[in-house]
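A.B. asks: Numbering (UniProt numbering), first residue to last: 1 to 261.
Built from N, CA and C at the ideal position, the CB exists for glycine as well.
Right, I'll just put the structure down here and ask away after.
Structure follows, in structure tokens:
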């Protein structure tokens, strides 16, 4: 028998195919295999608990561990680091809690905030760089840790309350669908809830649309006066939050892709 066959059967043993190692070990070695089996599941469950702390608080330990086991059974580790093992856990929770939409969104937010530390550092654009910008030709470069996720529930408010060790609000649908914006400032992961208008404009900006094109889009949606005012307000907020790292003219644009957890 080959080493590859042994590795395949051992992986099967870890993922609950107990008969897969019968050809490789005798009864005396069974206890040792049990140690590996238990350690595999416990380590992955602990990893998920560390990455999804607020989700675990919201669900409760028993329900969270049940969800973690379902994820572990259906998704073996696929990367060289456990940091990526949480990928797709929000979809696992969505299948388990189809009528509790806040669970999926809370899980996504937990994971997005955790993974901001995997993105490279980037300094915010300086005041000197902003001086003399030709805004008709300018395009914005955003921090590489930026990610945007849809929001139809108050999962953001739930996360904030849990982080502050306060009583979280009851789960509720938002009056209008929106989004959650996640990024990192220095060593601090940040997020805020945003409306669909900002989410759409921000997605266009990240994709490389010029600032003048963003203004035109806002004018189409809000009218000329309100659109121009909104463009200035959004630009000021993005700069103030450290979301923009540089500004380039269309002729020399270099776009840093957003970090997608």
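Measuring from the CB of residue 205, is there a heavy atom of the ligand ADP at a distance below 7 Å?
C.D. replies: No copy of the ligand ADP appears in this structure; indeed no ligand is present at all.
A.B. asks: Only counting runs of 4 or more residues, tell me where the alpha helix (DSSP H) segments fall wholly within the stretch 192 to 224, in order along the chain.
C.D. replies: 196 to 206 and 211 to 222
A.B. asks: Decide if residue 237 is buried, meaning its Cβ has at least 16 other Cβ atoms within 10 Å, or exposed.
C.D. replies: Residue 237 comes out exposed.
A.B. asks: Measuring straight from C-alpha to C-alpha, what distance separates residue 99 and residue 190?
C.D. replies: 28 Å
A.B. asks: From this set, 185, 196 and 159, which residue's C-alpha is nearest residue 175's C-alpha?
C.D. replies: Comparing alpha-carbon positions, the option among 185, 196 and 159 lying closest to residue 175 turns out to be 196.
A.B. asks: For the putative contact between residue 55 and residue 110, defined by C-beta atoms under 8 Å, what is the C-beta separation to the nearest angstrom?
C.D. replies: In this structure residue 55 is in contact with residue 110, their Cβ atoms being roughly 5 Å apart against a cut-off of 8 Å.
A.B. asks: For residue 135, name the three-state secondary structure that DSSP assigns.
C.D. replies: coil
A.B. asks: Check whether the stretch 227 to 242 and the stretch 210 to 217 are in contact - that is, three or more C-beta pairs closer than 8 Å.
C.D. replies: yes
A.B. asks: Excluding sequence positions up to five away, which residues of its chain have a Cβ less than 7 Å from the Cβ of residue 185?
C.D. replies: 242
A.B. asks: Residues in its own chain within less than 7 Å of residue 231 by CB, not counting five upstream and five downstream?
C.D. replies: 214, 215 and 218
A.B. asks: Can you tell me whether residue 78 is buried or exposed, with buried defined as 16 or more other CB within 10 angstroms of its CB?
C.D. replies: Residue 78 comes out exposed.
A.B. asks: Classify residue 184 as helix, strand or coil using the three-state DSSP reduction.
C.D. replies: strand
A.B. asks: Among 89, 85 and 83, whose alpha-carbon lies nearest the alpha-carbon of residue 66?
C.D. replies: Nearest of 89, 85 and 83 to residue 66, Cα basis: 89.
A.B. asks: Any idea which residues DSSP pairs residue 153 with across the strands?
C.D. replies: 173
A.B. asks: Looking at C-alpha atoms only, which residue of 221, 169 and 193 is the closest neighbour of residue 180?
C.D. replies: The candidate whose alpha carbon is nearest that of residue 180 is 193.
A.B. asks: Measure from the alpha carbon of residue 249 to the alpha carbon of each residue in 133, 156 and 116, then state which is nearest.
C.D. replies: Relative to residue 249, the option among 133, 156 and 116 whose CA is nearest is 133.
A.B. asks: Please state the DSSP three-state secondary structure of residue 147.
C.D. replies: strand
A.B. asks: Can you tell which of 141, 59 and 106 has its C-alpha closest to the C-alpha of residue 156?
C.D. replies: 106
A.B. asks: Could you give the DSSP three-state label for residue 242: helix, strand or coil?
C.D. replies: coil
A.B. asks: Taking all protein chains shown into account, decide if residue 116 is buried (16 or more other Cβ within 10 angstroms of its Cβ) or exposed.
C.D. replies: buried
A.B. asks: Taking buried to mean at least 16 other C-beta atoms within 10 Å of its own C-beta, is residue 50 buried or exposed?
C.D. replies: exposed
A.B. asks: Just to confirm, are residue 112 and residue 139 a CB contact at a threshold of 8 Å?
C.D. replies: In this structure, residue 139 does not lie closer than 8 Å to residue 112 by Cβ.
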